[in-house]
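Novice:
Numbering (our numbering), first residue to last: 8 to 266.
#1: Name the one or two DSSP bridge partners that residue 208 has.
#2: Which whole-angstrom value is the C-beta distance of residue 50 and residue 33, which I expect to be below 8 Å?
#3: Considering only residues of the region 115-192, which uninterrupted beta strand (DSSP E) runs meet the minimum length of 3 residues and lie entirely inside it, listed in chain order?
#4: Any chance you could list the beta strand (DSSP E) runs of at least 3 consecutive residues sitting entirely within the region 28-114, in chain order?
#5: According to DSSP, is residue 222 part of a helix, a strand, or is it coil?
#6: Could you work out which residue in 29, 176, 40 and 184 is closest to residue 137 when comparing CA atoms only?
#7: Residue 15 by DSSP, collapsed to three states: which one?
#8: Expressed to the nearest angstrom, what Euclidean distance is found between the alpha-carbon atoms of residue 234 and residue 144?
#9: Touching or not, the region 126-136 and the region 102-116, by the rule of three or more beta carbon pairs under 8 Å?
#10: Quick check on residue 197: does DSSP put it in helix, strand or coil?
#11: Taking only three categories from DSSP, how would you classify residue 240?
#12: Is residue 148 near residue 214, with beta carbons less than 9 Å apart?
#13: Between which residues of its own chain and residue 36 is the CB-CB distance below 7 Å, once the five residues before and five after are set aside?
#14: Can you tell me whether residue 195 is buried or exposed, with buried defined as 16 or more other CB within 10 angstroms of its CB?
#15: Go to residue 20, then tell me how far its alpha helix (DSSP H) extends in each direction, as first and last residue.
#16: Under a Cβ-count criterion, where at least 16 other Cβ atoms within 10 Å of its own Cβ denotes burial, should residue 78 be classed as buried or exposed?
#17: Leaving out five residues on either side along the sequence, give the residues of the same chain with a beta carbon under 8 Å from the beta carbon of residue 165.
#18: Cβ-heavy atom distance between residue 147 and the ligand MN below 8 Å?
#19: Let's see if you can read the secondary structure: which residues bound the alpha helix (DSSP H) around residue 245?
What follows is the structure, given as structure tokens:
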């Protein structure tokens, strides 16, 4: 496999290149190694780790220390993939805090940070980019802006919301992001946003017209069956396979050595 390191610019140049971007979340060293060896170009250490790895009820409970701990583990894998880290809840509202957080994430091994929000985070995105920090945007369903408890639904079905999402996408593109995650958007709107912006769109639950797709790794392999978004179609039932292996091990231990 080509050993050239994937960069934010490489992702940006996938726009219109004809080959869509496949991205997955990652929370630990061995998974990072596996996904990199499988050729996934973009790995996100996402705040979804709060639910799939730490047992939190939602992503807003994830702290900066949580993110740094998992990010360092992923960084030790020394992957070819681009490693992006989520800016956790509460760190994307003030410029000083955002810059501090982004620098800590980069020091821990991220080559870029993902910031939730549209026009409301424009100043923060511009600040980070001006400091040489690559930024991925994230609009549509934004768990960090949903309040408590989060309300998951499709976005962009009403004209006012549709206009806001388009404005957000154009704003982020002009502010200097290298790509934008579109989460839970109406499929037609996602296609329209993808046409309008000059950076790749990475969809999750937003249809097939985006420039790429991202999934939570645990959803892809069926490792977190207790909560599964409607749009997810697991490629594997890893929970059942693990249980089968554990039961076989348990029976072997209980039987003891055979005479």
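Note that CB positions come from ideal geometry on N, CA and C, so glycine has one too.
Specialist: According to the data block:
#1: 187
#2: 5 Å
#3: 119-123, 142-147 and 186-190
#4: Those beta strand (DSSP E) runs which fall completely within the region 28-114 and span 3+ residues are 28-32, 49-52 and 89-93.
#5: strand
#6: 184
#7: helix
#8: Rounded to whole angstroms, residue 234 to residue 144 spans 25 Å at the Cα level.
#9: yes
#10: helix
#11: coil
#12: Going by C-beta atoms, residue 148 is not nearer than 9 Å to residue 214.
#13: Correct list, in chain order: 80, 81, 83 and 84.
#14: exposed
#15: Unbroken run through residue 20: none, as it is neither H nor E.
#16: Buried, since its Cβ has 16 or more Cβ neighbours within 10 Å.
#17: none
#18: Only the bare structure without any ligand can be found here, which leaves the ligand MN out of the picture.
#19: In the DSSP annotation of this structure, the continuous segment of the alpha helix (DSSP H) that includes residue 245 starts and ends at 245-262.
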